[in-house]
Structure formats: C-alpha cells, structure tokens
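Structure first, commentary second.
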Amino acid sequence: DKKIVTYRVIYGSLYDEISKAIQIIRPAMVIMGTHGATGMQKIFGSHIEKIVAGSSSPLLITRGATELKDMKTIVMPFSFQINSLQITTFAASMAKKFGATIHLVAHHDNNEVHEEAIANNQKIVERFMEENEVAFEIINLPMKKSFDSELQDYAGSIHADVIASAYSNDNKLITNAHMQKIFQNIYKIPVLTVNAEELA
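Residue numbers (my numbering): 4 to 203.
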C-alpha cells in the first residue's frame, strides 16, 4: 500500500518559523533534535524550551546523533501538581502503540506538605493506566541525591527509550532548570514533553 505524504516548506528563522508552523498546522506530534543549551541559554532557556513553552502539540526531542530504534521503556516523572500529569495521555498512547512499560517516578523534595498531593496524583495516574490497559511500574527512588540526579540515573540504569515529562512556565510545577536537566540528560535519552498550560 502506498501512503500519501504531504509537506510544506516554510522560510525564515528556524525556531520562530517552527513555532508558527505548530500553531498553523496543529500536528499530532513534533519531532526535533537539539544539541542542548549552551552558554547563556543555560540561564535564559534554550531554543527548544521556547518552542515547547509556546506549543499546543506534544514534542519528542532527541539529542545529537541519538537513535530511537524502539520504545519499550518510558520513564514518567510526576510532581505534587496536578498539571504534571498532563503528559499521561501522550505517554500512555505511545506505550500502547509500541507495547512499552511506563515507569512512574514520583517527585521527592523532603517536603511533607507535598506528600499527600503526590500520593493522590499517583492514584490518578495508576487508575488511568489500568483503565487503558497500559503496563506500568511504580518506582521509589532512594532519595539520597537530588530528584533530578536520581531520575536521570534511574532512566539510564534501565536503558529507558524515552523520558516523558510535562513542561510548565509555572515554576511551582516543574521549573525551567528541571526541564533543562531532562532535555540535557547525560544519557541522551529522548524526551517526550507537552506544555501543560496549553492543555489546561
């Protein structure tokens, strides 16, 4: 069977035009490569972050020459904020399509106030996975180092194919610094993300 492929060519500044194209075309997913933030971008945010911040479509971001040959293991961190679960639908749909298992990793910051909210969010996402027949595991990190470090180390230790994490401009949810670390993770694991505020 022959499949019809359509395309459009847009001229202009790469990152500006990508953002415009996303708004016009409304794609089901945007796939992009990046070399990560450098220099002042580490302070003010990378070009990729700016695209994610203004996108209403989920993005799959890869680094350098990283190849995504399969998708059997997805690591999905979530926090005490309900918006951190906005990536759930996209992560679950990818898991079902490729027969992957989602590893749910709860945020930790030694803040007792957040514990109840995290437990409630875990119940919500567990119920969603069960209702949609998506394989998942609950992962408890050792809480000996920062959450960012332990999340990356865990994803690397299981050779995760993708890290799925919601993005938000609200620093109370997942900060820009946190997302920069995920985008630039030392294991160069591709990142599936979506702007939680665009879906709210």
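Think of the CB as a built atom: it goes at the ideal place given N, C-alpha and C, for glycine as much as any other residue. As the structure is a computational prediction, the values presented were derived from the model and not from experiment.
Quick check on the burial criterion: 16 or more other C-beta atoms within 10 angstroms. Buried or exposed for residue i?
{"i": "isoleucine 7", "result": "exposed"}
{"i": "phenylalanine 47", "result": "Only weak support is given to the placement of phenylalanine 47: the predicted model assigns it a pLDDT of 37, under 50, and the value that follows is read from those uncertain coordinates. It counts as exposed."}
{"i": "alanine 122", "result": "exposed"}
{"i": "serine 87", "result": "buried"}
{"i": "asparagine 113", "result": "exposed"}
Measuring straight from C-alpha to C-alpha, what distance separates residue i and residue j?
{"i": "glutamate 133", "j": "lysine 75", "result": "18 Å"}
{"i": "tyrosine 170", "j": "tyrosine 14", "result": "28 Å"}
{"i": "methionine 32", "j": "serine 60", "result": "6 Å"}
{"i": "glutamine 44", "j": "lysine 5", "result": "Confidence at glutamine 44 is low in this model, with a pLDDT of 44, below 50, so the placement of that residue should be treated as unreliable; the coordinate-derived value is given next. Taking the straight line joining both Cα atoms gives about 43 Å."}
{"i": "alanine 167", "j": "isoleucine 185", "result": "9 Å"}
{"i": "valine 137", "j": "serine 160", "result": "22 Å"}
{"i": "histidine 187", "j": "arginine 130", "result": "The question names histidine, but residue 187 in the sequence shown is glutamine. Glutamine 187 and arginine 130: Cα-Cα distance of roughly 31 Å."}
{"i": "methionine 97", "j": "alanine 120", "result": "26 Å"}
{"i": "threonine 65", "j": "phenylalanine 93", "result": "17 Å"}
{"i": "isoleucine 189", "j": "lysine 148", "result": "16 Å"}
One question on the structure: do residue i and residue j come within less than 8 Å of each other, judged by their Cβ atoms?
{"i": "threonine 196", "j": "leucine 17", "result": "no"}
{"i": "methionine 79", "j": "isoleucine 51", "result": "no"}
{"i": "lysine 204", "j": "asparagine 135", "result": "Outside the displayed range of the chain (4 to 203) lies residue 204, so it cannot be described from this structure."}
{"i": "isoleucine 27", "j": "isoleucine 54", "result": "no"}
{"i": "valine 128", "j": "leucine 107", "result": "yes"}
{"i": "isoleucine 25", "j": "serine 58", "result": "yes"}
If you drop the 5 nearest sequence neighbours on each side, which residues of the same chain put their C-beta closer than 6 Å to that of residue i?
{"i": "histidine 243", "result": "What the structure shows of the chain is the stretch from 4 to 203, and residue 243 is not part of that stretch, so it cannot be assessed."}
{"i": "isoleucine 141", "result": "Leu107"}
Starting from the C-beta of residue i, find all residues in its chain whose C-beta is less than 7 Å away, skip the five residues before and the five after it, and write them out in chain order.
{"i": "threonine 69", "result": "Lys191, Pro193"}
{"i": "glutamine 89", "result": "Ala169, Val197, Ala199, Leu202"}
Within a Cβ cutoff of 8 Å, which residues of the same chain sit near residue i, ignoring the five residues on either side of it in sequence?
{"i": "aspartate 73", "result": "Phe101, Asp164"}
What residue range is occupied by the uninterrupted alpha helix (DSSP H) comprising residue i?
{"i": "isoleucine 127", "result": "115-134"}
{"i": "alanine 158", "result": "150-160"}
{"i": "valine 108", "result": "No alpha helix (DSSP H) contains valine 108, which is instead part of the beta strand (DSSP E) from 104-109."}
{"i": "valine 78", "result": "Taken as a continuous stretch (DSSP letters only), valine 78 belongs to no alpha helix (DSSP H), being part of the beta strand (DSSP E) at 76-81."}
{"i": "valine 55", "result": "50-56"}
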